[in-house]
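Report on one structure; see the data block that follows.
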Amino acid sequence: TDVAVVGGGPVGMWLAAELHRGGAQPIVLERRAERPPHSKALTLYPRTLELFAMRGIADRWLDEGTQLPSSHFAILTSRLDFTGLDTRFPFTLFLPQLRTEQLLEEHLASLGVPYLRSHTVTGLHQDADGVEIDVLTPSGPRSFRAAYVVGCDGGASKVREAAGIECAGTPGTWSTVLGDVQLADPPPQRALTLNLPGGSMYMVALGGGRYRLAAIDHAALDNLTDAPVTFEELRTNTRRLAGTDYGMRETADAWLSRVNNATRQAVSYRNGRVFLAGDAAHIHYPAGGQGLNLGLQDAANLAWKLAAVIKGWAPDWLLDSYQAERYPVGLEVVEDSLAQCALFANPTREGLALRDRFNEILGTHPSLNAELAVRLSGLGVCYPDGGRRVPDLALRGAPAASVFGLLPDARFVLLGLDGDGPEPAGCGGAPAEGYGERLTVVTAALAEDRGDWAGVRAVLIRPDGYVAWSRSDGDPAAEPPLARWLGPAGGET
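End of the sequence shown = 970 in our numbering, gap-free, step of one.
Structure (structure tokens):
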């Protein structure tokens, strides 16, 4: 196979789907025989929904999820307002991870990508031409060979260990508990956030009388253990914080979990032909629910680059740009999670004062609220050399009504925005010839009032929806740097 994706969770499945869309032949190796019935993550942020929209499948999530106009930062009662974000998805989409995984598995099956359950990777070694993977299968040990391997196998990644990639950071020093439980006497609101002298608590309705309840009980932070969470432990923490357990019922389908503040990041997201994405590359306290979204965006960044190498047209530097672009983004999320932990898990008088003062400032300073909302949403990610995100601009005179409609095939798009005027440099001319299925050339006009894009006359859009190059009014006339991004004309395999 071209790429062996180790780990069949959401990150692994999205990576495999994107590799397939880019023309590669991936295979997914998943150690579990069945998908777990419970969901760690509950939310999808705007940039993740934009990725799905670029491929024409966002409606599958929108049809089932609940749109929430805000999200929390550090479990503070002053919530982040998403309604003013520059996106067609100015909200948090509430949808349990289990359903996201089911939708991704259906998507993967529709593409015909092999998904092998009960396949546990036990080791690997690479040479100049590929990677040999040792796998324990239902029929016994077996060896797989792939040109590349991507570890999407979680925080305890076997791929990361086998590749000898260091994961640097800090160990856990405190822990908290959470659970999905039945409540006989829940609060009237669908979601509840409490900041109390003894800690903080977050609760959200899952449906059917079940609630996700996360208790940051300062009196229990030092219970740093690997022992399973007990129902009574969650009940005690909740009562100590809120003065009630909301009629918590112990049922057979209750899910309980313990999380700690261990925070690590892979020193490198690559070693030769082995790459890491998602939790295999970064581990942090799940503050704000950023981990799932961060991992899906890792996959979107890596997939088209790896597919380009396999198809034979990638410039030499392209694979190295995965580390250069995604490591800083991962580090920012890691540092963001630590900052949130400092606000809600500091039981000292000074810590409580900081939490409450920051909560007050967040509620009274719209500019701070907006900046944190942009960060959490994923819309603020910008790569080196001006690689900002391209929003879903409405277009006139194009094959699609908006920019995202030009990206379903995961090709580069050279978009001229001169409307009915002369074609901009490179659009439709000789410089764009010889790039075959790598490039789509479109000339259109903006169909909406966008001051920040009004002067742009041409833009080269990457398959993951970021700017590779642009030309604006007043810029010197220049051809788009197609060879830099797409390699020499011709030569595609």
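Here a beta-carbon is modelled for each residue, glycine too, at the ideal position from N, C-alpha and C. Note that the structure is a prediction, hence the values are computed from the model and not measured.
Rounded to whole angstroms, what is the Cα-Cα separation between residue i and residue j?
i: R667; j: N846; result: 22 Å
i: S745; j: R852; result: 23 Å
i: A966; j: A955; result: 18 Å
i: S814; j: A691; result: 16 Å
i: P899; j: T920; result: Interpretation of P899 is limited by its pLDDT of 43, a score under 50 that renders its predicted location unreliable; no figure is taken from the coordinates.
i: R961; j: P792; result: 7 Å
i: Q574; j: G486; result: 10 Å
i: N586; j: G772; result: Reading the sequence as shown, one finds Ala at residue 586 and not Asn. In a straight line, the C-alpha of A586 is about 21 Å away from that of G772.
i: F529; j: Y592; result: 20 Å
i: Q603; j: E609; result: 6 Å
i: G840; j: D558; result: 10 Å
i: L894; j: D869; result: 14 Å
i: R532; j: G864; result: 20 Å
Is residue i buried or exposed, if buried means 16 or more other CB atoms sit within 10 Å of its CB?
i: G489; result: buried
i: P957; result: buried
i: P901; result: Low local confidence applies: a pLDDT of 49 at P901 is under 50, so the model's placement there is unreliable, with the coordinate-based value given in what follows. Counting Cβ neighbours within 10 Å, P901 comes out buried, since at least 16 surround it.
i: E925; result: exposed
i: H842; result: exposed
i: P475; result: The displayed coordinates of the chain run from 478 to 970. Any statement about residue 475 would go beyond what the structure contains.
i: I794; result: Note that residue 794 is Trp in the sequence shown here, rather than Ile. When all chains shown are included, W794 counts as exposed.
i: S979; result: Beyond the ends of the chain as shown, which are 478 and 970, falls residue 979; an answer cannot be given.
Name the two residues that bound the continuous alpha helix (DSSP H) containing residue i.
i: Q579; result: Q574 to L588
i: P618; result: Per DSSP, P618 belongs to no alpha helix (DSSP H); it is in the beta strand (DSSP E), G617 to A623.
i: P843; result: P843 to S854
i: A639; result: K635 to A639
i: A935; result: Element bounds for A935: not the alpha helix (DSSP H) but the beta strand (DSSP E), V933 to I938.
According to DSSP, is residue i helix, strand or coil?
i: T597; result: strand
i: Q502; result: coil
i: D756; result: helix
i: G898; result: With a pLDDT of only 43 at G898, under the threshold of 50, the placement of this residue in the model should not be trusted; the figure read from the coordinates follows. G898 falls in the coil class under three-state DSSP.
i: W732; result: strand
i: I534; result: coil
i: H695; result: helix
i: V482; result: strand
By Cβ distance, which residues of its chain are closer than 7 Å to residue i, with the 5 residues on each side in sequence left out?
i: R717; result: G675, D694 and A696
i: G855; result: Y522, P523, R524, T525, N770 and Q774
i: G749; result: Q603
i: G686; result: Q659 and L660
Sorted by chain position, which residues of the same chain lie with C-beta nearer than 8 Å to residue i's C-beta, five sequence neighbours on each side aside?
i: R832; result: A551, L553, N672, S677, L820, F821 and N823
i: P763; result: K517, A518, V736 and S814
Can you name, in chain order, every residue of its own chain whose Cβ lies under 6 Å from the Cβ of residue i, other than the five neighbours on each side?
i: H515; result: W732
i: A682; result: R667 and Y688
i: V636; result: V483, G628 and D630
For the beta strand (DSSP E) containing residue i, list its first residue and its last residue.
i: W790; result: No beta strand (DSSP E) holds W790; DSSP gives it neither H nor E.
i: E609; result: V608 to T614
i: Y799; result: Looking at the DSSP string, Y799 is not in any beta strand (DSSP E); the run it does join, the alpha helix (DSSP H), is D797 to F821.
i: R948; result: V944 to S949
Can you determine whether any heavy atom of the ligand PLP sits closer than 8 Å to the C-beta of residue i, and answer yes or no?
i: T577; result: As presented, the structure is devoid of all ligands, the ligand PLP included, so that no description of it is given.
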